[in-house]
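Participant: Numbering (the numbering used here), first residue to last: 5 to 132.
Pasting a structure below so you can have a look.
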Amino acid sequence: MRGVVRSRVKDGPRSERGSGTVLMTGVIAALLVVALGVAGLMSAQAAAGRARAAADLAALGGATALTSVRAPGDPCAVAERVAAADAAVLRSCEVSGEDVTVEVGVEVRVLGVGRVAVGVARAGPVDG
Numbered sequence: 005m006r007g008v009v010r011s012r013v014k015d016g017p018r019s020e021r022g023s024g025t026v027l028m029t030g031v032i033a034a035l036l037v038v039a040l041g042v043a044g045l046m047s048a049q050a051a052a053g054r055a056r057a058a059a060d061l062a063a064l065g066g067a068t069a070l071t072s073v074r075a076p077g078d079p080c081a082v083a084e085r086v087a088a089a090d091a092a093v094l095r096s097c098e099v100s101g102e103d104v105t106v107e108v109g110v111e112v113r114v115l116g117v118g119r120v121a122v123g124v125a126r127a128g129p130v131d132g
């Protein structure tokens, strides 16, 4: 005996009512997550640039203090003041001959998490 298989579509197209709203909510949520990630990366990249610039200036200030006849001073103290003026923290300072090498840190919040962007620079006379 063969039976007839019947399929019933309950309520027809009305059963999918609201699915577009759910889909768009998911798409918007995904775009928001991507936008927040991009904003966090941009913030971290900007902080890294500030750290590199602060390190460059701190190293130059320290090297100037080391080699200056008019305004001699402790190169690491000068580097620390220059870094602080750039809203950075001097993490290390090393004087080797006429070269000054510094490492500075700049605090940054990436997606609500505190991080430190680090910049390293060396300044002194050109070898040659």
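C-beta atoms are modelled at their ideal positions from N, C-alpha and C, and glycine is treated no differently.
According to DSSP, which residues form a beta bridge with S100?
Facilitator: Looking at the DSSP assignment, S100 forms a beta bridge with D103.
Participant: Using 8 Å as the cut-off, can you tell me whether the segment 104–111 makes contact with the segment 57–74, which would need three or more C-beta pairs spanning the two stretches below that distance?
Facilitator: Yes: the two stretches touch, three or more of their Cβ pairs being nearer than 8 Å.
Participant: Take A51 and list the residues in its own chain whose beta-carbon comes closer than 7 Å to its own, dropping the five residues that flank it on each side.
Facilitator: Cβ within range, chain order: V110, V112 and A121.
Participant: DSSP state of A125, grouped into three classes?
Facilitator: Three-state result, A125: strand.
Participant: Determine the direct distance from the alpha carbon of G22 to that of R54, and round the result to whole angstroms.
Facilitator: Computed Cα separation, rounded: 48 Å.
Participant: So is V26 buried or exposed if we call it buried at 16+ other beta carbons inside 10 Å?
Facilitator: The residue in question, V26, is exposed, as its Cβ has fewer than 16 Cβ neighbours within 10 Å.
Participant: Anyone know if the C-beta pair for V108 and V130 falls short of 8 Å?
Facilitator: No, Cβ-Cβ distance for V108 and V130 is not below 8 Å.
Participant: Per DSSP, V114 forms a beta bridge with which residues?
Facilitator: V117.
Participant: List the whole-angstrom C-beta distance separating A63 from R126, where the pair is believed to meet the contact cut-off of C-beta under 8 Å.
Facilitator: So it is a contact: roughly 6 Å between Cβ atoms.
Participant: Can you tell me whether E84 is buried or exposed? The criterion is at least 16 other CB atoms within 10 Å of its CB, across all chains shown.
Facilitator: Answer is buried; the Cβ neighbour count reaches 16.
Participant: With DSSP as the reference, please indicate the residues paired to G109 in a beta bridge.
Facilitator: In DSSP, G109 forms a bridge with V93 and V122.
Participant: Tell whether a beta-carbon distance below 8 Å holds between D90 and L115.
Facilitator: Cβ distance not < 8 Å, so D90 and L115 don't count as in contact.
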